[in-house]
Ligand SMILES: NC(=O)c1ccc[n+]([C@@H]2O[C@H](COP(=O)([O-])OP(=O)(O)OC[C@H]3O[C@@H](n4cnc5c(N)ncnc54)[C@H](O)[C@@H]3O)[C@@H](O)[C@H]2O)c1
């Protein structure tokens, strides 16, 4: 049996505790957060052991750690767990910036401790089937891959303030999927965006709607669309076009769209409301995978090395938005 610690009990951390408490093979959860009231509430709800501090959690005999705290704390918390030799699951992104991500990756590689990063789309059955189709060669050379992420409404503005912006916070999922599905590395990025919602997005140097064009080294073109205000629901789709065939993931009955074709009632709903209901099963599979990593029975499904490449892509997109011109990945990597 396995004991896990969960650090950070906000939106996703509390959700992960809920998921973990329903998984086989876990006999105890220890939970910590900066906010003692939240620790007490989550511990009581799930029969978890409350820790007085992160240090107490790390020294409590846990076999592995889930880091689900706010983004600025990821690097420090992950390294604290890794320094104790504890296999760690870190929510995306692994650090606030790409340079910090690269540093964290170097330290983790030297430590030789397994670390998995929270890119749950890889564990979704439809995304995984799309990946299998690409890997089988059935699509032929890929020419265009579209990845869409639209939230029904933005997270709290305090969250946005510390998020690093829409590319590091939200589009990283799309960037990870583009790299994973194509098996190619990004060469150049053009990112642009607009603000029509809360004026604080602009104050933070962020946008509430973004479009990104990514050129890959194998010839595929990636098109990312991300938005914070999409009231019909949580819209997450992947469309993969090859010379010989096309596959899509996320075009299920819950894709939040009102189809105006009078002869076609697709999609019938109910619409996906938020990432938590759309990816409930994927989060469960992702965390079950991490439990196998903790037991030494599997390797991480999304690695720190993957996360570093995604972080450079997000960095280039952020810089492209700032400059209003395309930015090469090598340029930000060597800056
Ligand atoms: N994989 C996904 O789809 C997904 C979805 C949502 C959020 N996330 C990621 O999860 C992280 C948390 O997001 P959220 O929406 O839950 O945020 P949140 O603001 O709701 O919660 C963050 C929690 O972390 C706690 N915290 C902050 N610093 C801490 C520290 N040093 N030690 C202990 N606790 C600390 C806060 O008190 C808060 O309870 C973010 O990095 C975000 O990018 C991933």
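Numbering (UniProt numbering), first residue to last: 1 to 335. All C-beta atoms, glycine included, are put in the ideal place defined by N, C-alpha and C.
Please confirm whether any heavy atom of ligand 1 lies closer than 7 Å to the CB of residue i.
i	result
residue 92	yes
residue 13	yes
residue 74	yes
residue 184	no
residue 64	no
residue 69	yes
residue 239	no
residue 34	yes
residue 301	no
residue 10	yes
residue 116	no
residue 169	yes
residue 50	no
residue 290	no
residue 253	no
residue 154	no
residue 120	yes
residue 159	yes
residue 266	no
residue 166	no
residue 223	no
residue 77	yes
residue 108	no
residue 329	no
residue 123	no
residue 275	yes
residue 294	no
residue 355	As shown, the chain starts at 1 and ends at 335. That puts residue 355 outside it, with no answer to give.
residue 7	yes
residue 207	no
residue 54	yes
Residue j and residue i - do their beta-carbons sit closer together than 8 Å?
i	j	result
residue 406	residue 1	Lying outside 1 to 335, the shown extent of the chain, residue 406 is not represented and no answer is given.
residue 247	residue 147	no
residue 12	residue 91	yes
residue 293	residue 116	yes
residue 9	residue 38	yes
residue 305	residue 105	yes
residue 27	residue 49	no
residue 96	residue 164	yes
residue 308	residue 319	no
residue 162	residue 72	yes
residue 256	residue 229	no
residue 65	residue 41	no
residue 137	residue 184	no
residue 198	residue 227	no
residue 240	residue 142	yes
residue 62	residue 7	no
residue 30	residue 60	yes
residue 186	residue 329	yes
residue 111	residue 332	no
Give me whichever residues DSSP pairs with residue i in a beta bridge.
i	result
residue 89	66 and 116
residue 49	30
residue 283	Answer is none; residue 283 lacks a bridge partner.
residue 236	149
residue 1	Answer is none; residue 1 lacks a bridge partner.
residue 214	189 and 222
residue 7	32 and 67
residue 328	188
residue 77	Its beta-bridge partners do not exist; DSSP assigns none.
residue 308	For residue 308, which the question treats as bridged, DSSP gives no partner whatsoever.
residue 247	240
residue 144	221 and 241
residue 227	150 and 209
residue 194	209
So, is the C-beta of residue i closer than 8 Å to a C-beta in chain B?
i	result
residue 113	Reference to chain B is not applicable here, since this structure consists of a single protein chain.
Any 3 or more C-beta pairs closer than 8 Å across the stretch 193-205 and the stretch 123-131: Pairwise C-beta distances place the stretch 193-205 out of contact with the stretch 123-131, as fewer than three of them are shorter than 8 Å.
The stretch 314-329 contacting the stretch 159-169, beta-carbon criterion three pairs below 8 Å: The way I'd put it, the stretch 314-329 does touch the stretch 159-169; three or more beta-carbon pairs between them come closer than 8 Å.
Stretch pair the stretch 264-284 + the stretch 132-140: three plus CB contacts closer than 8 Å: no
At least three beta-carbon pairs within less than 8 Å, the stretch 211-220 to the stretch 185-192: yes
The stretch 263-278 in contact with the stretch 239-253 per 3-pair CB rule at 8 Å: yes
The stretch 107-115 in contact with the stretch 172-187 per 3-pair CB rule at 8 Å: no
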